[in-house]
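**Q** Before anything else, here's the structure in question.
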Amino acid sequence: MAYTPIDDTMEDKDEDDWLEPPVQGGAADPLVNQEFERLSNKFSDAGYREGITDGKLSTLQQGFDEGFAASVPLSRRVGVLRGKAAALLAIAIATASAKSPTASPSRNTITSPTTEARSHSHLHSEIDIVDSIRELIRQLSQLRRDDILPEDEERIAHEKEEHGHPTEGEGKNGNDDENKFELDRNDKRDLENLERSLEMMGSTSSDANANGSARKSKRNGEEVVRDLEGRLGDLERAVLRG
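Take 0 as the starting number for the sequence shown in numbering that gives the first Met the number 0 and just add one per residue.
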């Protein structure tokens, strides 16, 4: 039976390998470089994602702050106007009912013709005030947010950049309405679109043209709300004075 001869050089190398610098975990270890590259790429990807997220959040927060400052004060004033108008209508109706000639007069009371004529004229003025308040309430109920809130200039500019400037005889975006910017659909916007469609169906061509021209020459929301507040103030003074 033959045996493998013992190599003295191999034994010496095995005995002296502890004197050599370690390869595993050292600078010459390829696994160290691979692990470093993996961690570097991981932290770079995580930092990139965090930067993108922070950028989006800061942009969203800025847009929210601007939209809140532009829309909430005017919307709040419109809500206050609706509440005051409803309360003023109730007061005016109660006052007119109490001063009407059909109210039960006290016994043994003789009313002169002059007094009766004055009461009738005063009643007519009370009815006119009630009608004016109801007309104001109707206008407040038909007031939409697009009528008072400022237009989104940034969105309009982006829409023009994406779809071009409108030309004569074409849609708003230069070709048709299919490419125009659309907001996210919700129940409020769907209801407004339905109301607008019903108004267009029930209005004549002259009314439609008038509404179109009025929509093109949109008034400032601050002016609209200030005008409504002035009218309500005049009606309030008339009711309380009477």
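Here a beta-carbon is modelled for each residue, glycine too, at the ideal position from N, C-alpha and C.
The structure displayed is predicted, hence computed values, not measured ones.
Going by Cα to Cα distance, which pick from Ala91, Lys98, Glu152, Ala95 is closest to Leu231?
**A** Within the sequence shown, residue 231 is the residue found at index 232, counting from 1. Considering only alpha carbons, the answer is Ala91.
**Q** Within its chain, find whatever has a CB closer than 6 Å to the CB of Ser105; leave out the 5 residues flanking it on each side and keep chain order.
**A** Counting from 1 along the sequence shown, the entry for residue 105 is found at position 106. Low local confidence applies: a pLDDT of 47 at Ser105 is under 50, so the model's placement there is unreliable, with the coordinate-based value given in what follows. A distance below 6 Å between beta-carbons, with the five flanking residues on each side excluded, links Ser105 to no residue of its chain.
**Q** Where does Glu150 fall in DSSP's three states?
**A** Here residue 150 refers to the residue found at position 151 when the sequence shown is read from its first residue. In the three-state reduction of the DSSP assignment, Glu150 falls in the coil class.
**Q** Hey, could you find the ends of the alpha helix (DSSP H) Leu56 is sitting in?
**A** Working through the sequence shown from its first residue, we reach residue 56 at position 57. Note, Leu56: alpha helix (DSSP H), 29-97.
**Q** How many Å lie between Ser70 and Leu38 at the Cα?
**A** As a first step, residue 70 is located in the sequence shown; it is residue number 71 there, counting from the start. As a first step, residue 38 is located in the sequence shown; it is residue number 39 there, counting from the start. Distance between the alpha carbons of Ser70 and Leu38 is about 47 Å.
**Q** From what residue to what residue does the alpha helix (DSSP H) around Leu239 run?
**A** Looking up residue 239 in the sequence shown gives position 240. 220-240 is the extent of the alpha helix (DSSP H) around Leu239.
**Q** Rounded to whole angstroms, what is the Cα-Cα separation between Leu234 and Glu191?
**A** Numbered from 1 along the sequence shown, position 235 holds the residue referred to as residue 234. Numbered from 1 along the sequence shown, position 192 holds the residue referred to as residue 191. Cα-Cα distance, rounded: 29 Å.
**Q** Taking DSSP as the reference, what is the three-state secondary structure of Gln137?
**A** Locating residue 137 in the sequence shown gives position 138, counting from the first residue. At residue 137 the sequence reads Arg, which differs from the Gln that was named. Reduced to three states, the DSSP call for Arg137 is helix.
**Q** Given a cut-off of 9 Å on the beta-carbon distance, is the pair Leu88 and Leu227 in contact?
**A** Along the sequence shown, one-based indexing puts residue 88 at 89. Along the sequence shown, one-based indexing puts residue 227 at 228. No, Cβ-Cβ distance for Leu88 and Leu227 is not below 9 Å.
**Q** Count the other CB atoms, across all protein chains shown, that sit within 10 Å of the CB of Gly220; report buried if there are 16 or more and exposed otherwise.
**A** The count along the sequence shown starts at 1 and reaches residue 220 at position 221. Result: buried.
**Q** Alpha carbon to alpha carbon, how far is Glu160 from Arg225? Give it in angstroms, no decimals.
**A** Against the sequence shown, residue 225 aligns to sequence position 226. Against the sequence shown, residue 160 aligns to sequence position 161. Answer to the nearest angstrom: the Cα atoms are 35 Å apart.
**Q** Answer with buried or exposed for Val238, where buried requires no fewer than 16 other C-beta atoms within 10 angstroms of its C-beta.
**A** Position 239 of the sequence shown, counted from the start, is the residue given in the question as residue 238. So Val238 counts as buried.
**Q** Run through DSSP, which three-state label would Arg144 get?
**A** Here residue 144 corresponds to residue number 145 of the sequence shown, with the count starting at 1. In this structure, Arg144 counts as helix in the three-state DSSP scheme.
**Q** With a CB to CB cut of under 8 Å and the five nearest residues on each side skipped, what residues in its chain are close to Lys83?
**A** For the purposes of this step, residue 83 is taken as residue 84 along the sequence shown, with counting starting at 1. Around Lys83: Leu231, Glu235.
**Q** What separation, rounded to the nearest whole angstrom, lies between the Cα atoms of Asp44 and Gly78?
**A** Locating residue 44 in the sequence shown gives position 45, counting from the first residue. Locating residue 78 in the sequence shown gives position 79, counting from the first residue. Cα to Cα, the separation comes out at about 48 Å.
**Q** Quick check: what's the CA-CA separation for Pro149 versus Asp186?
**A** Here residue 149 corresponds to residue number 150 of the sequence shown, with the count starting at 1. Here residue 186 corresponds to residue number 187 of the sequence shown, with the count starting at 1. Taking the straight line from one Cα to the other gives about 21 Å.
**Q** Go ahead and label Leu30 buried or exposed: buried means 16 or more other beta carbons lie within 10 angstroms of its beta carbon, across all protein chains shown.
**A** As a position in the sequence shown, residue 30 is number 31, starting the count at 1. By the neighbour-count rule (16 or more Cβ atoms within 10 Å), Leu30 is not buried but exposed.
**Q** Measuring only the C-alpha atoms, how far is Ala156 from Arg48?
**A** Along the sequence shown, one-based indexing puts residue 156 at 157. Along the sequence shown, one-based indexing puts residue 48 at 49. Computed Cα separation, rounded: 29 Å.
**Q** Are Ile136 and Leu73 touching if we call contact CB-CB under 9 Å?
**A** Indexing the sequence shown from 1 puts residue 136 at position 137. Indexing the sequence shown from 1 puts residue 73 at position 74. Cβ atoms of Ile136 and Leu73: not closer than 9 Å.
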